[in-house]
Amino acid sequence: MASVIATSNGNVDAPKGREKVIIDTDPGIDDSMAIFMAFQSPQLEVLGLTTIFGNVSTEGGTHNALLLCEIAGCPGLPVAEGSPEPLKGGKPQICDFIHGSDGLGNVFLPSPKSKKIEKTASEFLVDMVSENPGEVSILALGPLTNLALAIKRDSTFASKVKRVVVLGGSFFALGNINPAAEANVSTSSAFLYSLQSDAEHATLIYGDPEAADIVFTSGADIVVVGINITTQIKMGDADLEELRQSKGRHAQVLSKMCKFYRDWHVKSDGVYGKLINDLTLLFSSWTKHLGPVGSTTDSILQIELFICSSVRVDHPYKDPGIFPHDAVSLVALVRPDLFTYKRGVVRVETQGICLGHTLMDQGLKIWNSSNPWTGYFPVSVAWTVNVEEVLNYIKKVLMKP
């Protein structure tokens, strides 16, 4: 079927020169931000949405994707439903305590009138990329099952897609499912909340590490934005109020969604803040009883106190607000200049206690023998981010009338 191209003002038939993009999404609250931003971005032509489990079930994701398209004024945009489960099977566990039972902050909007297309997500991806070789980019905001199925369906898919921007992974930081794994690439039967876990991705208890490894080693032009990047950008309460007071086209509906999201962040982030405060008080008490600074022990404790105090002040968990993970990934698609990257082969652990762990070979050493990283094309991993500029860009786009 012919695709309907969404423009920044909700009309169809966008002018030439825009980057064609398909958004593979598990529409929760920050997915909604990214999707609305895509519709508001004049440099993008949204060819369609494909849905996957994660923040909601795949069926729920399809419902929300259709609804978001209607809100954006693009009711005819193709929405293709993806796999209801990971490659290895099993029912994904959905945690509604982060995005609400409707996936959109319990705002319970009217049901969409439009319907999903007959093609599956992987069929739609393959067809769109085949019809526009070298022109279609994919913004992947959830588990990578649909992309892996597209690669399995068409062996030339990876070479024909323009680029894939992936939200997922945790590079040189603790994971958010366990110390090794991040939710979009991990699958786990238990939720282990770590100190550096980000709030939003905790809902993705079941991801698809097998699919992620297939995608990362496919040879496609891939950019990965991990939670070590996205948790550096926070929309604080002042930013959220600025959004609510703005005349942004979708500002009011997003503000309603974000209330639930923000409240969960406050509850979960409080665990971290309390621990740091307790540690600071403990170190303060110790130093008072150890005499004047000068002893090795006392000096060490003073250093530890300084570190804890610094973390409490500067750590992104300090002030109430939300992490707009998916919106940050959208920025990486349209403004890659706001990030720096490192190239290397990335593999995903698919078994054992490090299930879901993303590990990158940075090429710092020449290996004497082959290993699981040799023979694969490198991907680009976001390494640093211009925090202020990315946050300002997100706010600017979301506040556009």
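Quick note on this note's numbering: the sequence shown kicks off at 33 and runs consecutively.
C-beta atoms are modelled at their ideal positions from N, C-alpha and C, and glycine is treated no differently.
Problem set entry | residue 436 versus residue 268 - alpha carbon distance | The requested residue 436 does not occur in the structure, where the chain is confined to residues 33 to 433.
Exercise. Can you pull the DSSP bridge partners for residue 141?
Worked result: Residue 141 pairs with nothing; no bridge assigned.
For this session: Scan the stretch 98-144 and note each continuous alpha helix (DSSP H) run of 4 residues or more that stays entirely inside, going in chain order.
Result: 128-131
Exercise. Cβ atoms of residue 261 and residue 366: under 8 Å apart, would you say?
Worked result: In this structure, residue 366 sits away from residue 261, with a CB-CB distance that is not shorter than 8 Å.
Exercise. Okay, do the stretch 267-285 and the stretch 405-421 touch, 3+ Cβ pairs below 8 Å being the bar?
Worked result: no
For this session: Report the residue from 155, 124 and 88 whose alpha carbon sits nearest the alpha carbon of residue 110.
Result: 155
For this session: Spell out the partners DSSP gives residue 169 in its beta bridges.
Result: 53 and 195
Exercise. What do you get for residue 148, buried or exposed, if any count of 16 or more other CB atoms within 10 angstroms of its CB means buried?
Worked result: buried
Problem set entry | Burial state of residue 165 (16 or more Cβ within 10 Å) | exposed
Exercise. Pick from 67, 240, 374 and 397: whose alpha carbon is nearest that of residue 171?
Worked result: 67
Exercise. For residue 377, which residues from the same chain have a beta carbon less than 6 Å from its beta carbon, with the 5 sequence-adjacent residues on both sides left out?
Worked result: 393, 405, 408 and 410
Problem set entry | Own chain, CB closer than 7 Å to residue 129, minus 5 neighbours either side, in chain order | 296
Exercise. Exposed or buried, residue 75, counting other C-beta atoms within 10 Å across all chains shown (16 or more means buried)?
Worked result: Residue 75 should be labelled exposed.
Exercise. Is there contact between the stretch 184-193 and the stretch 85-104, where contact requires at least three CB pairs shorter than 8 Å?
Worked result: no
Problem set entry | Residues that DSSP places opposite residue 412 in a beta bridge | 255 and 375
Exercise. Looking only at its own chain, which residues have a Cβ that is under 8 Å from the Cβ of residue 466, when we skip the five neighbours before and after it?
Worked result: In the structure displayed, the chain extends from 33 to 433; residue 466 sits before or after that span and is not available.
For this session: Flag residue 356 as yes when its Cβ comes closer than 7 Å to any non-hydrogen atom of the ligand NAP, and as no otherwise.
Result: This structure lacks the ligand NAP; in fact it carries no ligand of any kind.
Exercise. Whose C-alpha, out of 195, 103 and 167, is nearest the C-alpha of residue 141?
Worked result: 103
Problem set entry | Distance, residue 178 Cα to residue 222 Cα | Low per-residue confidence applies at residue 222: pLDDT is 30, beneath 50, and the placement is therefore not dependable, though the value from the model is reported in the following sentence. Each residue's Cα considered, the two are about 24 Å apart.
Exercise. Do three or more CB pairs link the stretch 80-88 to the stretch 378-393 at distances below 8 Å?
Worked result: no
For this session: Between the Cα of residue 385 and those of 241, 107, 118 and 72, spot the shortest distance and give me the residue it belongs to.
Result: 241
For this session: Please work out which residues of its chain come closer than 8 Å, Cβ to Cβ, to residue 288, disregarding the five sequence neighbours upstream and downstream, and give them in chain order.
Result: 137 and 139
Exercise. Rounded to whole angstroms, how far is the Cβ of residue 422 from the Cβ of residue 363, which I believe are closer than 8 Å?
Worked result: 5 Å
Exercise. Looking only at its own chain, which residues have a Cβ that is under 8 Å from the Cβ of residue 146, when we skip the five neighbours before and after it?
Worked result: 98, 101, 102, 107, 108 and 111
Exercise. Got a sec, what are the start and stop residues for the beta strand (DSSP E) residue 65 sits in?
Worked result: Where residue 65 is concerned, there is no enclosing beta strand (DSSP E), although the alpha helix (DSSP H) it sits in stretches over 61-71.
Exercise. Where does residue 298 sit, in a helix, a strand or coil, going by DSSP?
Worked result: helix
Problem set entry | Contact set for residue 192: own chain, Cβ-Cβ below 6 Å, skip 5 residues either direction | Hits under 6 Å: 161 and 165.
For this session: Determine the direct distance from the alpha carbon of residue 64 to that of residue 143, and round the result to whole angstroms.
Result: 16 Å
Exercise. By how many angstroms is the C-alpha of residue 284 removed from the C-alpha of residue 71?
Worked result: Roughly 16 Å between the two C-alpha positions.
For this session: Compute the distance between the beta-carbons of residue 82 and residue 157, then report whether it is under 8 Å.
Result: yes
Exercise. Buried or exposed: which applies to residue 163, given that a residue is buried once 16 or more other Cβ atoms fall within 10 Å of its Cβ?
Worked result: exposed
For this session: Using beta-carbon positions only, say whether residue 390 and residue 202 come within less than 8 Å of one another.
Result: yes
Problem set entry | Simplified DSSP assignment, three categories, for residue 261 | helix
Problem set entry | Which of helix, strand or coil DSSP assigns to residue 426 | helix
Problem set entry | Rounded straight-line distance, which links the Cα of residue 59 to that of residue 135 | 7 Å
Exercise. From residue 253 to residue 281, what does the alpha carbon distance come to, in whole angstroms?
Worked result: 33 Å
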